[in-house]
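Okay, so here's the structure we're looking at.
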Amino acid sequence: MAKVKILARHLKPELNTGTTLLPVWTPIGGLNSLTFSTEKTDTDDTDFDSDGNAEHKVAQRARSISAEGFYKEDPDTGELDAGQEALVALGEAIGYDSLKTMRVTTPGGNVTEYDVSANVTSPSGGGLNDNAGFTAELTVSGAPRFTPAA
């Protein structure tokens with residue numbers, strides 16, 4: 304079959320609210336934007352033998368994920384979207400508990416897992432006629448793990 308362009312809304316972000324041995328993948332609802340960023344830090348390898356040309360190698364890579372959308376809760380019970388609630392809790396965690404695994408699944412079944420910490424603003428407010436927002440800035444710890452579709 305021909306390769307197609309996928310829509311970002313068909314990416315499925317989930318947070319592991321269980322354990323490493325017994326994962327519970329909780330969907331993160333209400334999102335309307337999911338943005339992945341990378342940075343690299345180079346080390347300068349230039350010396351007198353470089354003949355005036357800059358040389359370098361990558362010393363470190365950093366990744367982050369920005370998840371934005373609408374704050375969701377049940378108006379009768381106050382119950383939050385389970386995925387948003389899990390990210391809010393992660394955003395308050397410190398130490399070993401401040402890292403959880405997030406996975407993003409594509410429509411074709413490719414899965415990338417990230418160990419992330421979170422900084423969450425929820426609800427993030429809005430204007431007079433706006434829906435209240437939800438914003439989570441996720442910092443990736445370590446390398447992502449990619450599993451191709453079966």
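Residue 323 in the numbering used here sits at position 20 of the sequence shown; the count goes up by one each step and never skips. C-beta atoms are modelled at their ideal positions from N, C-alpha and C, and glycine is treated no differently.
When the Cα atoms are used, what is the spatial distance from residue i to residue j?
| i | j | result |
| --- | --- | --- |
| Pro316 | Arg406 | 6 angstroms |
| Ile397 | Ala421 | 10 angstroms |
| Gly321 | Gln387 | 15 angstroms |
| Asn356 | Asp347 | 11 angstroms |
| Asp352 | Ile309 | 47 angstroms |
| Gly381 | Asn432 | 21 angstroms |
| Thr408 | Gly429 | 30 angstroms |
| Arg312 | Pro447 | 21 angstroms |
| Leu393 | Asp350 | 45 angstroms |
Count the other CB atoms, across all protein chains shown, that sit within 10 Å of the CB of residue i; report buried if there are 16 or more and exposed otherwise.
| i | result |
| --- | --- |
| Val443 | buried |
| Tyr399 | exposed |
| Leu325 | exposed |
| Phe437 | buried |
| Ala412 | Inspection of the sequence shows that residue 412 is occupied by Gly rather than by Ala. When all chains shown are included, Gly412 counts as exposed. |
| Thr338 | exposed |
| Ala305 | exposed |
Is residue i near residue j, with beta carbons less than 8 angstroms apart?
| i | j | result |
| --- | --- | --- |
| Gln363 | Thr341 | no |
| Tyr374 | Ser425 | yes |
| Val414 | Leu402 | no |
| Leu318 | Ile368 | no |
| Leu390 | Ala435 | no |
| Asp384 | Gly333 | yes |
| Thr404 | Glu416 | yes |
Could you tell me whether the stretch 369-388 touches the stretch 420-435, using the rule of 3 or more Cβ pairs below 8 angstroms? yes
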